[in-house]
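Take 6 as the starting number for the sequence shown in our numbering and just add one per residue.
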Amino acid sequence: MERLDKLLAGTGRWSRREVRTLVKEGRVLVDGLPAAGVEQKVDPAASRVQVDREALAVGGFTYVMLHKPRGVLSATEDYRQQTVLDLLSPDLKRKGLFPVGRLDKDSEGLLLLTDDGDLAHRLLSPKRHVSKVYRVWLDRPLGGADQAAFAAGIVLADGTRCRPAGLKPLGDGREALVTLHEGKFHQIKRMCASRGSAVCRLKRISMGALTLDETLEPGAYRLLTGEEVAKIGEKI
């Protein structure tokens with residue numbers, strides 16, 4: 006059993022002071038009833054907690070959506086450089102979370118952190134072909150011929166063959182959406198380079214059924230809602 010204020014503050018979405026206000030205003034429900042107070046004890050594994058009628062995933066496994074900023078490693082620890090776990094509150098860091106997949110140090114965007122190894126395995130399994138969508142900024146426009154090449158499957162300079170991928174140029178083609186169904190090393194950068202264009206910036210905006218919450222600034226995070234967790238599970 007955990008105190009309600011500690012549980013909600015641990016999501017990263019509210020401070021304990023903000024939680025007190027939410028409870029006082031009757032905006033927090035525990036198993037369908039208004040919370041009695043911030044000190045109310047809650048069973049994370051069994052209780053249904055809602056804020057403004059939005060169900061929070063607070064029991065069992067932990068699922069965190071992070072807007073990974075550039076310059077931070079997608080790793081659990083590093084003695085020389087900052088990792089994504091260093092961005093979390095002490096309460097979350099103690100839960101043994103790990104990133105599902107990775108983003109390069111100089112890339113940004115959606116990163117899921119969890120302690121649910123089974124879900125992570127299913128999201129990353131090559132057999133599942135879970136789609137990942139990235140927004141890329143390029144030094145040279147990509148167009149129709151490049152779309153066809155991506156759709157056919159790019160062969161990289163070292164002979165590596167990539168699965169067919171989606172390319173949707175935006176505006177003048179110096180920005181584009183790229184959809185992958187696999188995750189080879191520096192894949193988007195290498196694919197774009199094979200078409201004569203260098204990636205200047207890369208941001209992941211979705212992974213399977215999970216889409217980056219654009220209200221999250223780089224470095225910010227929140228727990229997934231119950232609906233988001235269910236949606237991920239249904240799609241893999």
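Glycine included, every Cβ here is placed at the ideal spot set by N, Cα and C.
State the beta-bridge partners of residue i as determined by DSSP.
| i | result |
| --- | --- |
| His72 | Leu115 |
| Ala80 | For Ala80, which the question treats as bridged, DSSP gives no partner whatsoever. |
| Thr88 | Leu78 |
| Pro104 | Leu118 |
| Glu7 | Val47 |
| Pro39 | Leu34 |
| Val28 | According to DSSP, Val28 bridges with nothing at all. |
| Leu143 | Val204 |
| Glu59 | Val56 |
| Val135 | According to DSSP, which records beta bridges pairwise, Val135 is partnered with nothing at all. |
Residues in its own chain within less than 6 Å of residue i by CB, not counting five upstream and five downstream?
| i | result |
| --- | --- |
| Arg107 | Ser79 |
| Trp19 | Leu13 |
| Gln55 | Leu34 |
Quick one: is residue i buried, meaning 16 or more other Cβ sit within 10 Å of its Cβ, or exposed?
| i | result |
| --- | --- |
| Phe155 | buried |
| Thr165 | exposed |
| Met6 | exposed |
| Asp10 | buried |
| Asp111 | exposed |
| Ser202 | buried |
| Ala181 | buried |
| Glu233 | buried |
| Tyr22 | The residue you asked about is not Tyr; residue 22 is Arg in the sequence shown. Its Cβ having fewer than 16 others within 10 Å, Arg22 is exposed. |
| Arg168 | exposed |
| Pro104 | buried |
| Arg140 | buried |
| Lys73 | buried |
Excluding sequence positions up to five away, which residues of its chain have a Cβ less than 7 Å from the Cβ of residue i?
| i | result |
| --- | --- |
| Val160 | Arg166 |
| Arg200 | Leu147, Asp151, Ala154 |
| Lys98 | Leu90 |
With a threshold of 8 Å on Cβ separation, who are the neighbours of residue i within its own chain once the five nearest residues in sequence on each side are excluded?
| i | result |
| --- | --- |
| Gly158 | Arg166, Cys167, Arg168, Pro169, Ala170 |
| Gln192 | Cys167, Leu185 |
| Asp96 | Lys11, Ala14, Gly15 |
Can you check the region 148–209 for any alpha helix (DSSP H) of at least 4 residues that lies completely inside it and give the ranges in chain order?
149–157, 192–199
Do three or more CB pairs link the region 111–131 to the region 199–213 at distances below 8 Å?
yes
Evaluate contact between the region 40–49 and the region 73–88, counting only Cβ atoms and requiring at least three cross-stretch pairs below 8 Å.
no
Quick check on the DSSP output: what are the complete beta strand (DSSP E) runs of length 3 or more inside the region 206–239, in order along the chain?
226–228
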